[in-house]
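Protein chains: 2
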Amino acid sequence: MPPVKILVAQGGGPTAVINQSMVGVVQEARRFAQIEQVIGARFGVRGIVDENLIDLSQESNFNLEQVANTPSSALGSTRDKPDEKYCAEIFKVLRAHEIGHFFYIGGNDSSDTVRIVSEAAQQAGYPLRCIHIPKTIDNDLVGNDHTPGFPSAAKFVAQAFAGANLDNASLPGVYVGVVMGRHAGFLTAAAAMAKTFPDDGPHLIYLPERTFDIAQFLTDVKTTYDKYGRCVIAVSEGIHDASGTAIISLLSKDVEKDAHGNVQLSGTGALADLLCEEIKSKLGIKRVRGDTFGYLQRSFLGCVSDVDQHEAREVGEKAVQFALRGTRSDSRGGSVAIRRTGDYAVNYDLIALEAVAGKTRVMEDAFINASGTGVTDAFHAYLRPLLGRDFPQAARLRMNAIDKILKK
Amino acid sequence: MPPVKILVAQGGGPTAVINQSMVGVVQEARRFAQIEQVIGARFGVRGIVDENLIDLSQESNFNLEQVANTPSSALGSTRDKPDEKYCAEIFKVLRAHEIGHFFYIGGNDSSDTVRIVSEAAQQAGYPLRCIHIPKTIDNDLVGNDHTPGFPSAAKFVAQAFAGANLDNASLPGVYVGVVMGRHAGFLTAAAAMAKTFPDDGPHLIYLPERTFDIAQFLTDVKTTYDKYGRCVIAVSEGIHDASGTAIISLLSKDVEKDAHGNVQLSGTGALADLLCEEIKSKLGIKRVRGDTFGYLQRSFLGCVSDVDQHEAREVGEKAVQFALRGTRSDSRGGSVAIRRTGDYAVNYDLIALEAVAGKTRVMEDAFINASGTGVTDAFHAYLRPLLGRDFPQAARLRMNAIDKILKK
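Quick note, the sequences are listed as chains A and B, same order.
Heads up, our numbering is the position in the first sequence plus 35, with the first residue counted as 1.
Heads up, our numbering is the position in the second sequence plus 35, with the first residue counted as 1.
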């Protein structure tokens with residue numbers, strides 16, 4: 036076999052385990068004698084176009100393993116969404132550096148980039164195999180049981196709500212925690228894993244898969260508060276009304292929009308503050324507090340699911356195997372997908388880029404309860420094994436009451 | 036010795052290890068034959084007045100240890116700040132239940148409550164020994180090297196900023212993280228422990244011990260952004276101008292005040308959002324994101340310093356020892372204080388309640404650098420051992436550049 040160079044890059048929002056996939060590519064590549072060099076592009080596809088490239092073959096094993104255990108994209112990332120022209124530029128650089136295989140770790144936008152670059156290579160008659168490696172805390176890639184990055188973010192959200200529930204139980208009131216997720220509610224739904232006892236929060240969960248009605252929301256909160264003397268609420272940043280308008284836009288006049296016209300949802304505490312203000316003013320509850328988990332849920336150093344770590348590593352390894360041992364039928368490449376094969380076990384397929392590119396998975400109806408403010412047992416069964424072996428458990432006192440003497 | 040009952044309660048904001056201290060009292064009490072029962076009051080001093088009491092002697096060892104490892108106040112807490120009359124009510128209930136020793140785990144307000152109850156008992160000629168057990172994430176108790184709860188919260192803040200720095204390095208821009216602390220900046224300063232490399236964030240740290248000037252702030256941010264192409268900022272929620280007015284009040288007209296006239300600082304993302312808006316509008320930087328760490332930093336399930344765990348347990352144990360083996364001179368009780376005796380080792384003293392009650396420690400000048408936007412080596416040396424043995428470390432690639440071909 037002729038010697039080949041490969042290139043790896045990371046796109047989109049960072050996760051706690053995206054470096055495991057990158058290191059999986061580098062380490063697996065070393066086991067193939069025909070791979071002479073592993074090149075990394077800095078800041079995603081932007082780094083390819085700018086020829087901002089580094090030699091990953093010069094990294095030591097020890098440092099690679101340290102980086103694998105470090106959250107966020109070690110190569111740097113980008114929010115660029117390449118069009119045909121941009122992809123032609125990418126291809127030009129890949130050809131100039133004689134790259135044989137292109138690996139891009141990212142979400143569904145990234146898989147679309149891989150698809151277009153792959154087509155450009157085919158049209159030019161250049162033998163480039165392009166592999167998309169899945170990654171997203173949103174868990175919104177079709178064709179996958181789940182996506183690397185989601186389990187660790189879910190663990191963070193569940194542990195955060197377990198703590199917020201205990202805090203709220205000790206100093207009762209209403210607590211609103213806002214979680215990332217524009218279209219898919221998986222990460223917000225993970226808050227449900229915080230519950231141990233029937234009266235534990237989160238008592239209410241609001242997902243972008245269901246229409247959010249402010250009047251109904253206030254009724255739900257009042258009912259819960261009257262029952263438990265407190266209320267813990269998980270809210271997706273992507274909640275919207277029946278017309279699809281983001282609730283943050285309805286409650287606030289001053290919102291930031293990106294180049295695509297999408298309202299900026301993360302990096303601001305506005306939605307939590309606005310919902311808290313509604314509860315205070317309309318329900319007259321005094322102690323109402325809101326937190327927006329923001330960037331902590333995807334980058335916090337020191338909260339990772341071991342299952343997620345292992346799978347993120349494996350999708351990187353499998354990507355190299357699929358590229359180097361691919362059959363004629365998938366010679367253009369594809370997207371590595373996680374399949375659940377047991378309870379709990381997984382295996383990996385290479386699926387067509389067209390099956391993933393630009394598509395968004397949302398929570399299946401079977402995962403959302405009838406009222407639309409919580410999850411089903413099926414969701415618990417789905418998510419529990421992903422959180423890994425060291426998911427912590429909260430305990431409470433058994434509370435044996437002592438008879439009153441003065442106020443009996 | 037005559038049999039004695041003891042009572043323990045938890046006050047103020049929860050911490051990750053406040054249950055260690057409570058369990059320390061319960062478990063140590065079992066080693067003293069004359070203690071016939073350990074009673075817990077639910078929701079702090081409010082539970083004493085309401086006779087909302089439970090029998091902690093009926094708890095199993097296993098469950099007590101599980102609770103010790105659970106964050107937030109297992110007995111419940113209160114924000115009540117008892118006056119003389121309230122303390123007289125407390126004393127009435129303690130006497131009715133024949134309590135011999137009263138243990139209150141809390142901050143400087145709680146120590147003041149213990150002081151007043153102790154005086155009420157003395158005036159009534161009732162032999163009650165009252166012990167204040169220190170606890171606060173703010174680290175603002177005088178007479179202590181540091182306070183239980185602070186090290187774990189500091190670990191959370193440092194790990195959060197380590198992750199935020201990596202996120203900001205991969206997708207460059209400005210990041211503002213707002214940390215709890217009205218008067219003392221210790222917890223915000225803990226963000227400095229996130230740094231490994233010279234260009235790591237947080238690049239700027241703003242503490243309530245220094246006057247905050249918005250124009251100077253914008254200059255600092257611009258200088259840092261021009262130098263690194265990005266900027267990570269740690270801000271205390273308690274920052275104020277030269278007149279002592281909270282910055283959140285200056286930037287926003289609509290702030291909530293508590294019964295004491297204090298501006299509500301936590302449970303809202305307003306300060307981060309307002310600072311981000313200043314940076315965007317005045318400096319013209321596009322990608323500016325803000326997070327408010329909120330309740331996560333004091334309650335997150337699964338981020339604790341082992342040193343903090345052990346010390347929080349020990350202050351509970353020592354409280355019982357001081358109460359049961361006290362000398363005539365401290366017969367009224369006192370406050371357990373942590374002394375640093377080595378690098379790193381501690382021991383415990385019982386100091387006068389008057390020495391702690393109602394006083395606030397702030398960061399020593401030796402801990403703050405000359406520009407007032409960072410910490411000194413002395414602060415690093417002070418805090419590092421408190422973070423414990425498993426403080427995670429971020430790694431980065433060595434980045435061996437590859438020569439450009441097309442754009443040389």
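Idealized CB from N, CA, C, for every residue including glycine.
Keep in mind it's a predicted model, so treat the numbers as computed, not measured.
Asked: Considering only residues of the region 79 to 135 of chain B, which uninterrupted beta strand (DSSP E) runs meet the minimum length of 3 residues and lie entirely inside it, listed in chain order?; Found: 88 to 90
Asked: What number of angstroms, rounded off, separates the C-alpha of Ile440 (chain B) from the C-alpha of Asp326 (chain A)?; Found: 48 angstroms
Asked: Based on DSSP bridge pairs, tell me the residues matched to Ile166 (chain A).; Found: A:Phe138, A:Gly369
Asked: Can you tell which of B:Gln158, B:Pro38, B:Pro117, B:Val192 has the C-alpha that lies nearest to the C-alpha of Ala51 (chain B)?; Found: B:Val192
Asked: Tell me the rounded alpha-carbon separation between Lys317 (chain B) and Tyr260 (chain B).; Found: 14 angstroms
Asked: Name, in chain order, the residues that DSSP records as bridge partners for Arg375 (chain A).; Found: A:Val381
Asked: Give a yes or no on whether the minimum CB-CB distance between Thr327 (chain B) and chain A is below 7 angstroms.; Found: yes
Asked: On the CB-based measure, 16 or more other CB atoms within 10 Å of its CB, does Arg333 (chain B) come out buried or exposed?; Found: buried
Asked: Starting from the beta carbon of Lys442 (chain B), find every residue of chain A whose beta carbon is closer than 8 angstroms, and list them in chain order.; Found: Asp85, Glu86
Asked: Determine, using beta carbons only, whether Val444 (chain A) and Val323 (chain A) come nearer to each other than 7 angstroms.; Found: Summary: the structure shown does not reach residue 444 (chain A), with chain A confined to residues 36 through 443, and so no result is reported for it.
Asked: Is the number of C-beta pairs between the region 70 to 85 of chain A and the region 102 to 112 of chain A that are closer than 8 angstroms three or more?; Found: yes
Asked: Could you give the DSSP three-state label for Gly423 (chain B): helix, strand or coil?; Found: coil
Asked: Can you list the residues of chain A that Ser334 (chain B) reaches, using a CB-CB cut of under 7 angstroms?; Found: Gly198, Ala199, Leu201, Asp202
Asked: Are the region 149 to 159 of chain B and the region 374 to 384 of chain B touching by the rule of at least three beta carbon pairs closer than 8 angstroms?; Found: no
Asked: Could you tell me which chain A residues have their CB closer than 8 angstroms to the CB of Ile89 (chain B), listed as they occur along the chain?; Found: Leu432, Met434, Asn435, Ala436, Ile437
Asked: Please confirm whether Gly198 (chain A) and Phe335 (chain B) have their CB atoms less than 7 angstroms apart.; Found: yes
Asked: What number of angstroms, rounded off, separates the C-alpha of Ile134 (chain B) from the C-alpha of Lys262 (chain A)?; Found: 34 angstroms
Asked: Sort out for me which residues DSSP pairs Asp326 (chain A) with in a bridge.; Found: A:Gly212
Asked: Grab the span of the alpha helix (DSSP H) containing Gly198 (chain A) for me, first residue to last.; Found: 185 to 205
Asked: Determine whether the beta carbon atoms of Ser145 (chain A) and Gly46 (chain A) lie at a separation below 7 angstroms.; Found: yes
Asked: Are any of the Cβ atoms in chain A nearer than 7 angstroms to that of Asp519 (chain B)?; Found: Since the displayed chain B opens at 36 and closes at 443, residue 519 (chain B) lies outside it and no answer follows.
Asked: Among residues of its own chain, excluding the 5 on either side of Ile89 (chain B), which ones have a beta-carbon nearer than 6 angstroms to its beta-carbon?; Found: Gly75
Asked: When the cut-off is 7 angstroms and only beta carbons count, does Gln194 (chain A) lie next to chain B?; Found: yes
Asked: Listing by chain order, which chain B residues have their CB less than 7 angstroms from the CB of Pro38 (chain A)?; Found: Chain B residues near Pro38 (chain A): none, gap ~16 angstroms exceeds 7 angstroms.
Asked: Where do the ends of the alpha helix (DSSP H) carrying Gly464 (chain B) lie?; Found: In this structure chain B extends from 36 to 443, so residue 464 (chain B) is not present and cannot be described.
Asked: Among the candidates A:Gly409, A:Asp175, A:Val211, A:Phe126, whose CA atom is the shortest distance from the CA of Leu306 (chain A)?; Found: A:Val211
Asked: Could you tell me which residues DSSP pairs with Ala44 (chain B) in its beta bridges?; Found: B:Tyr139
Asked: Tell me whether Glu346 (chain A) is buried or exposed, calling it buried when 16 or more other Cβ atoms sit within 10 Å of its Cβ.; Found: buried
Asked: Going by DSSP in three states, Gly351 (chain A) sits in which element: helix, strand or coil?; Found: helix
Asked: With a Cβ-Cβ cutoff of 7 angstroms, do Val397 (chain A) and His167 (chain A) count as a contact?; Found: no
Asked: Relative to the C-alpha of Leu331 (chain A), which candidate in B:Gly351, B:Val152, B:Ala195 has its C-alpha closest?; Found: B:Ala195
Asked: Taking the beta carbon of Asp308 (chain B) as the centre, do at least 16 other beta carbons fall within 10 Å, making it buried, or is it exposed?; Found: buried
Asked: Taking all protein chains shown into account, do 16 or more other C-beta atoms lie within 10 angstroms of the C-beta of Pro233 (chain B), making it buried, or fewer, making it exposed?; Found: exposed
Asked: Taking 6 angstroms as the limit between beta carbons, can you name the residues of its chain near Gly304 (chain B), skipping five residues before and five after?; Found: Thr327
Asked: Of all the CB atoms in chain A, is at least one closer than 7 angstroms to the CB of Tyr330 (chain B)?; Found: yes
Asked: Do we get a CB-CB distance below 7 angstroms when we pair Ser340 (chain A) with the residues of chain B?; Found: no
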